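Residue numbers (the numbering used here), protein chains in the order written: chain P, 3 to 192; chain H, 3 to 192.
All C-beta atoms, glycine included, are put in the ideal place defined by N, C-alpha and C.
All values derive from a computational prediction rather than experimental measurement.
Data block below; observations after.
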DNA sequence: ATATTTATAGACTAATTAGTCTATATGGAG
DNA sequence: CTCCATATAGACTAATTAGTCTATAAATAT
């Protein structure tokens, strides 16, 4: 067994789900393109839905872990804030499939409960340093969840702009930086 | 014929698509719950995809028309800007199904081309007054499409926050207003 | 070495589903 | 009143698809 079949299945599923959507992708196609048999897929994931959810949680957890590492570093709060933003945007740009998949999942009514719970679970991890920023009057005196929502909205907005633009990498970095200062104009305590 | 069957089909399709997704909703179910026969649905819409796209464009056009009316009013640019934001958020809150459907569609790779073209078409309508705002140094000196993307991101963010919150209508209005001032802090020329 | 668990394969099935086809009905034009 | 186009109905079909079943193979434990 040279390749991990489970990982092959997940990678193939991600690619196909992003191309054709959950329902638009037959399990047989995932299996065949992943180079495994139908039975293997259903051995590892009891149902198709299981696979969809497992893939979502894997991507979200992976991303949340990275953010947590940034937050845990011994930096000044505003530095953390900036780094979390930069990492989020750069991660989305470097992993468009994953970012796309996450959005697709978040807007699938059928999975609303899962995505809501996952978001809530991860937000608890970020809450601490945002609360500190509010307390120290660096951030506007608003609820943590409002700040998180606006933050996510901003990442979403700048991502949409960047994928449609044909700016080269250096230029993109500059745009992301400017987007950060705009975000900060919005968030900072005055 | 007391009710317009086409409208009944669209309304039912919207409800079911939001509940179960495009692929998760059989045409037969749409027809039966709309109280029409299968043949009737396929008489009005040659394919299922036709229905999905027609519904999307109808909702988007309807919304864009409202925004255009606001933009065309003889108001100061900053007033227009605020009104467009307020209307967008309130429209989303008043029509969660439609807003949800739009997002779902926007993140369906299969329809990427359609949604991209529709966005571009509508953006041309908004461009004029944003350009004026930039020229008059009311808005930051950034590309129109960046401003539109961030604007949309902000609407998206505040919507996500508000549907998860249990604030009463009066309180929600207050939150939306604060969200507007935050948006303005971000967008205004300094 | 043997037994047991884990992993893989692929044929098969029962159910579902988009779209077709033919038959009516309804309403307006001449 | 008679045509003809538009609208509606619903049975039917060909294709697709999630999940099952049985058989092995590989790895691990005893």
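Check: Just verifying my parser: in three-state terms, what is the DSSP assignment at residue 140/H?; Outcome: coil
Check: May I ask you to report which of helix, strand or coil DSSP gives residue 4/P?; Outcome: Any reading at residue 4/P must be qualified, since the residue scores a pLDDT of 48, below 50, and its modelled position is unreliable; the value itself is stated next. Coil at residue 4/P, not helix or strand.
Check: Assuming contact is defined by CB atoms lying nearer than 7 Å, are residue 106/H and residue 109/P in contact in what I supplied?; Outcome: yes
Check: Along the stretch 158-183 of chain P, what residues have a CB closer than 9 Å to any CB found in chain H?; Outcome: 158, 159, 160, 161, 162, 163, 164, 166, 167, 177, 180 and 181
Check: For residue 190/H, which beta-bridge partners are listed by DSSP?; Outcome: 141/H
Check: Ordered along the chain, which non-local residues of its own chain (more than five positions away) have a Cβ less than 8 Å from that of residue 190/H?; Outcome: 140, 141 and 142
Check: Kindly indicate the opening and closing residues of the alpha helix (DSSP H) around residue 147/H.; Outcome: 146-166
Check: Kindly say whether residue 113/H, judged by its beta-carbon, lies nearer than 7 Å to any beta-carbon of chain P.; Outcome: no
Check: With distances taken from CA atoms, which of 136/P, 86/P and 134/P is nearest residue 65/P?; Outcome: 86/P
Check: Rounded to a whole number of angstroms, what is the C-alpha to C-alpha distance between residue 11/H and residue 83/P?; Outcome: 47 Å
Check: Could you tell me if residue 4/P is buried or exposed, where buried requires 16 or more neighbouring beta carbons within 10 angstroms of its beta carbon?; Outcome: Per-residue confidence for residue 4/P stands at a pLDDT of 48, beneath the threshold of 50, marking its modelled position as unreliable; no derived number is given.
Check: Should residue 118/P go down as buried or exposed, given a rule of 16 or more other Cβ atoms within 10 Å for buried?; Outcome: exposed
Check: Quick one: measure Cβ to Cβ for residue 15/P and residue 69/P, integer angstroms, because I've assumed they're closer than 8 Å.; Outcome: That pair is no contact at about 24 Å.
Check: Can you look up residue 77/H in the DSSP assignment and give me helix, strand or coil?; Outcome: coil
Check: Taking the CB atoms as reference points, tell me whether residue 25/H and residue 25/P lie closer together than 7 Å.; Outcome: yes
Check: Using Cβ-Cβ distances below 8 Å, what residues of the stretch 9-23 of chain P are close to chain H?; Outcome: 20, 21, 22 and 23
Check: Identify the continuous alpha helix (DSSP H) that holds residue 103/H and give its terminal residues.; Outcome: 98-108
Check: On the CB-based measure, 16 or more other CB atoms within 10 Å of its CB, does residue 81/P come out buried or exposed?; Outcome: exposed
Check: Are any of the Cβ atoms in chain H nearer than 7 Å to that of residue 124/P?; Outcome: no
Check: For a contact defined as C-beta to C-beta under 9 Å, what are the partners of residue 102/P on chain H?; Outcome: 109 and 111
Check: Give a yes or no on whether the C-beta atoms belonging to residue 188/P and residue 184/H are separated by under 7 Å.; Outcome: yes
Check: Taking residue 154/H as the query, report the chain P residues whose CB atoms sit under 9 Å from its CB, ordered along the chain.; Outcome: 155, 158, 159 and 162
Check: Under a Cβ-count criterion, where at least 16 other Cβ atoms within 10 Å of its own Cβ denotes burial, should residue 33/P be classed as buried or exposed?; Outcome: buried
Check: Strictly under 7 Å for the Cβ-Cβ distance: is residue 135/P near chain H by that measure?; Outcome: no
Check: At the level of alpha carbons, what is the spacing between residue 161/P and residue 95/P?; Outcome: 7 Å
Check: Comparing alpha-carbon positions, which option in 137/H, 102/H and 67/H lies nearest residue 128/H?; Outcome: 67/H
Check: The alpha helix (DSSP H) that contains residue 29/H, what's its start and end?; Outcome: 29-36
Check: Classify residue 87/P as helix, strand or coil using the three-state DSSP reduction.; Outcome: helix
Check: Along chain H, in chain order, which residues have C-beta atoms closer than 7 Å to that of residue 90/P?; Outcome: In chain order: nothing, as chain H lies at least about 12 Å away.
Check: For a contact meaning CB atoms closer than 7 Å, what does residue 148/P contact in chain H?; Outcome: 163
Check: Just by C-beta distance, which residues in the stretch 49-62 of chain H are closer than 9 Å to chain P?; Outcome: none
Check: Beta-carbon within less than 7 Å of residue 131/P's beta-carbon, same chain only, minus the 5 sequence neighbours each way: which residues are those?; Outcome: 73, 79 and 82
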